[in-house]
Structure formats: C-alpha cells, structure tokens
Amino acid sequence: MQLPANEIFDNPDCIKCARCVEPRIIMNDILQELKSIVGERASASPSERCCYASDASQIAGLPDFVVRPMNTKEVSLILRLCHDQIIPITARGAGTGLAGGCSPVKGGIVLDMSGMNRILEIDIENQLVIVEPGVVAEKLNSALKPHGLFFPPDPGSMAMCTIGGMISYNSSGMRSVKYGTVRNYVLDLEVVLADGQVIHTGRKVLKSSAGYDLTRLFVGSEGTLGIITRAGLKIAPLPKTRKLVLAFFDEAETAGQAVIRVFSRGITPSACEILDKTTLQVLKLCDPMLAIAEEGDLILFEVDGTEGSTNEAAIQIFETCQPLARSVRIVTGQQMQDIWAARRLVGAAISRLDPKKTRIYMGEDVGVPIKKIPALIKKVQQIAAKIDIPAMKYGHIGDGNLHVALFIDVMDDEQWNKLFLAADKIHRAALELGGTVSSEHGIGLARAEYLPEQMGLEAFSVMQSIKNALDPQGILNPGKMGL
Ligand SMILES: Cc1cc2nc3c(=O)[nH]c(=O)nc-3n(C[C@H](O)[C@H](O)[C@H](O)COP(=O)(O)OP(=O)(O)OC[C@H]3O[C@@H](n4cnc5c(N)ncnc54)[C@H](O)[C@@H]3O)c2cc1C
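And the structure:
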C-alpha cells in the first residue's frame, strides 16, 4: 500500500525518526522507473523506508525509496536515473556503521547492496579474491579457512558488516596493528560513477606504479564518489599459532606506558587491545563463565606465527609488562577464544552495567600517535570526571585507537548535553595531541564538522574539488564528510 506523504508521517505504525520531520512527496513516476530496472526490489513502503533510516548510530533520515540491485548493470541504470533527475542516492551495506554514513539524511534512494553478495573467485595461486560488495566479512573468512587463508581486517562487527561498507570506511580492527587496514588489501575496484559509467581502478596485480592511485581514492570515500560493485582483495596465509598475554594494571595510564615499552622493544603483536576496569566488568557480565578472576585495567597482547616465534614474543611481552603490571599471564586455546568472543561484545553490551542507560556512539573512535596514548587516556579521564559522565575506555590501543563509550539515560536532556560536550572535548583533545577524530569508524555526519580542522582548509578544499569533479550534481551520499 502506498500512502501520500502526509499520511506516512501521521501513520501511527511508522516509527518517526528524530530527523524525519520534512514531508516528501512520493514521486510515483520515479518509483515506476526504478521498478522498470529492478522490479519489485524497488519500494516506497513506509515500513521499509523506516527500516532503512539509520545505521547503528543515532543519525537518521527517511529515504523516499529503498532499492535492492543484484548486479552492476542495475546499479549503473539506477545511477543514470538519479543523475538525470538529481535524486540523492546513499549506498548501504549492512548498516552497522557508527557515523551515520548510510543514513539518507537528504532523502532520495537508499541503495541496499547486501544482495550483491557472491564470492566470485578464490585465486589461491595469486593470493587474491574477487567479491561483490555485499559479502559479509566473516562469510569470506569461512570460505577462505579451508584453504589456510584469511582476509585480515577484523572489525568487531565482522559477523555482520559487508566488504563494501568496510572498503568505504577503510575499516580495521583487532589485528590491524600487525596486518594493516582494509586499504592495504584492496587491489582493484569496479565502481559505478555518479553518471552511471562503470570503471575499474586497478588490476589483478600485487603492485602497480601506473597512474593515479584511484583504488585508494575510493577506499574510505564513504559512498560519496561512486558505488563499489566489485572488489579484488589481497588475502594472507592463516598463522599457525596464536597466544594471548593478559597484563593487568592499577591505572589505565600505566597500561598505556606498557604498550609503548612493548613497541619500543621492536615487538609487533598481532593484536593489542585495552579494556579498562569498567570494560573488564562488562566483559565478565557478557560471559560469567569467563576465566578472568583478576581486576584492573587490562591489556590483551596477542602474538601469532609459528610455535617458536609466538613463544618468544609472548615471553618478551610478559617480561616487558611485569615491572609495571599488577599481574601478567599467558593463555592459549579455548580460553583465549572465549576472551576474544567476549571482547567482541563489549561495545554493545555496556548497557548491562545499567539497564536505564544507553551507549551513544559519539567521540568513540579517536586515535593518536602511540607515544601520546597515556596523555589521551589521562585527558579522557579528566574530561569525564569534570563533566561527570561515565566513560568506559577500550579499543585497539596498539594502533593508538581508543574507543570511549559514553552512556546516558536518553530520556534525560541534561545527560544529552553532557554527552555532546564530552564528545566534543574528546575529539578536540585527539586533534590537539596530533591525532584523528576517527581511526576506523569514519566521518559520515557524526564527525563532519571536525574534518576541515583535521585536514587543514587547503587539503579539505582539494577533497571538495575531487568530489565536484566526480559528482558535480552532489547526488552521492549528500551531506556526508562535510562535502
Ligand atoms: C558492534 C560493532 C562493532 C564494530 N567494530 C568495528 C571495528 O572493530 N572496526 C571498524 O572499523 N568498525 C567497526 N564497527 C563499525 C562498522 O561495523 C564498520 O564500519 C563496517 O565496515 C561497516 O560496514 P557495513 O556493511 O555495515 O556498512 P554501512 O554502515 O552500511 O555503510 C558504511 C559506509 O559505506 C558506504 N557503502 C556501503 N556499501 C557501499 C558500496 N557498495 N559502495 C559505496 N559505498 C558503500 C555507505 O554509504 C556508508 O557511507 C563496528 C560496529 C558495530 C555495530
């Protein structure tokens, strides 16, 4: 059933999102044109539009249409239509983003890419795969495992998020400290440009010095320059062994110092995560059977490789941490896997601490040079204490990346004000320490105001010129990244 615009907004079945206040006229003829391309996979039903209003952040906007393409030709025809009619179009993978990247804040079309989810080729000799953008990261890794291979970028959301979303945010995760971010693995992209043209940015080779690096231009572009319809990705051999060193500290700042000492000794762990005292509490609530009796601020150092090399590195980390730590121990096997499984849940499970409070993803992804980690931790603690807001700290500290989890009672306006203030101060603290407002979650709308300051106005205007050249009508994910 289609409803006229006003009825949609007055419809009690429609969950009104905070930002969905501008009624739009449903453009029936556009819907018919979309249906001529993808059939019933184009929809303007109020319930579907509401389902596609936001990602995992609090940023929302109601789309006019939801369209689910199944191949590059359909994407190309849809973009040509958008280009001719000047319709905003926002690509969506799994919607697990935390910056409002796929939230259609200017309405128009949400292009749900999750149906384009085929693994087209596993090329073992060349150590690469060709995939469609809707492939979920964990599914790719399940397909690679029998070959002794894996796709290393490892976000906490890997059971849900898509390769297209990961490329568009240059995502990373627990193991990027050793293996790098998505950017290090993308060899070639098939991209549909704003006017519907289809291009390839690279070739099936591990290196090339031919021309501008268009592949890297599209990595991290958050759907503002084109729609990715296919990706050639480098893959890596699975390590033979992994070991986990658990080091508990009295203070988070001291934990940060231990990280610096480990890296200064030339040891590269395959993961290096901080979980502060509150996070450790959440970790235990996530899995009450978890075999961690200790308290304190915890650093998880994982090492991988051969039996001999992991032993040696684990012992070196143990010895480096011991003088600073309250206690240190090494775990392997099932215990290690249980700890990692619980670690993946902490960000979302924080509400277990207080069911009346919700975690809001703001100021949650700052990053600084490794040497500045203790200073960042101290600064975040001071900000939280001064504003009087609970702030749990965890994250990929080996990359200098700290996830600050601010949680509030969302019915309390005063707590919202505290949250906005704390998030702003955390972003500014990271910039002052020479860091970034986002290490991996992206800019989207959530952090758009800080980008010109982080990049510098001149560099930001180069970015704007690239956007204008590739998308002169501004139809691709408008409003994002401050463009
Ligand atoms: C519990 C949890 C844990 C997380 N942990 C991590 C983590 O450890 N590391 C990390 O980096 N992130 C993490 N994230 C954030 C998020 O999961 C990642 O950013 C992820 O890569 C987003 O993928 P997605 O498929 O959900 O993309 P979406 O949210 O759907 O989209 C993300 C962006 O990509 C664009 N896009 C999507 N597909 C395409 C395409 N085909 N062409 C062009 N543009 C496209 C969208 O327009 C949007 O701008 C976490 C999120 C949650 C909820």
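Just add 126 to wherever you are in the sequence shown, counting from 1, and you've got this note's numbering.
Don't be surprised by glycine CBs; every beta carbon is placed ideally from N, CA and C.
CA-to-CA distance, residue j to residue i, given in whole angstroms
i	j	result
Ser-591	Gly-570	18 Å
Cys-287	Ala-384	32 Å
Gly-521	Asn-527	6 Å
Lys-360	Gly-227	25 Å
Ile-156	Met-239	20 Å
Pro-281	Gly-489	18 Å
Ala-225	Gly-165	31 Å
Arg-301	Arg-387	19 Å
Leu-596	Ile-289	22 Å
Cys-177	Gly-322	26 Å
Leu-502	Leu-559	8 Å
Asn-252	Tyr-338	23 Å
Lys-498	Gln-507	14 Å
Ala-531	Tyr-487	7 Å
Gly-352	Val-261	18 Å
Gln-580	Arg-478	35 Å
Val-429	Ser-180	37 Å
Phe-344	Leu-319	11 Å
Other residues of its chain near residue i: CB distance less than 6 Å, five sequence neighbours each side excluded
i	result
Phe-586	Pro-578
Leu-424	Phe-374, Leu-401 and Leu-406
Ser-298	Pro-279, Thr-307 and Glu-566
Cys-208	Ile-215 and Ile-601
Residue i, enclosing alpha helix (DSSP H) - first and last residue
i	result
His-522	First-last for His-522: undefined, no H or E at that position.
Lys-232	Run containing Lys-232: none; DSSP gives neither H nor E here.
Ile-513	499-513
Phe-191	Counting along the chain, Phe-191 falls outside any alpha helix (DSSP H), though it belongs to the beta strand (DSSP E) covering 191-193.
Cβ-heavy atom distance, residue i to ligand 1, below 7 Å
i	result
Glu-174	no
Asn-310	no
Cys-208	no
Glu-566	yes
Pro-259	yes
Val-181	What sits at residue 181 in the sequence shown is Asp, not Val. Because some heavy atom of ligand 1 lies under 7 Å away, the Cβ of Asp-181 counts as near it: yes.
Extent of the continuous beta strand (DSSP E) to which residue i belongs
i	result
Ala-182	First-last for Ala-182: undefined, no H or E at that position.
Gly-431	423-431
Phe-375	367-375
Ile-454	The question names Ile, but residue 454 is Val in the sequence shown. Val-454 -> beta strand (DSSP E) spans 453-457.
His-553	His-553 -> not in any beta strand (DSSP E); alpha helix (DSSP H) instead, spanning 539-558.
Asn-527	527-534
Thr-216	215-218
Arg-356	353-360
Cβ neighbours of residue i in the same chain (closer than 7 Å, five flanking residues each side left out)
i	result
Met-607	Glu-348, Thr-350, Ile-569, Ala-574 and Leu-577
Asp-376	Gly-422 and Arg-452
Ile-393	Ala-439, Gln-442 and Ile-443
Leu-254	Leu-313, Lys-330, Gly-358, Leu-359, Lys-360 and Ile-361
Sequence-distant residues of the same chain with beta carbon closer than 8 Å to residue i, five excluded per side
i	result
His-553	Gly-489, Val-492, Val-563, Arg-573 and Tyr-576
Gly-274	Pro-363 and Leu-364
Ile-509	Ala-517, Ala-548, Lys-551, Ile-552 and Ala-555
Just checking, does the stretch 396-404 make contact with the stretch 447-460 on the three C-beta pairs under 8 Å criterion?
-> no
Taking three-plus beta-carbon pairs below 8 Å as touching, is the stretch 181-199 in contact with the stretch 212-224?
-> yes
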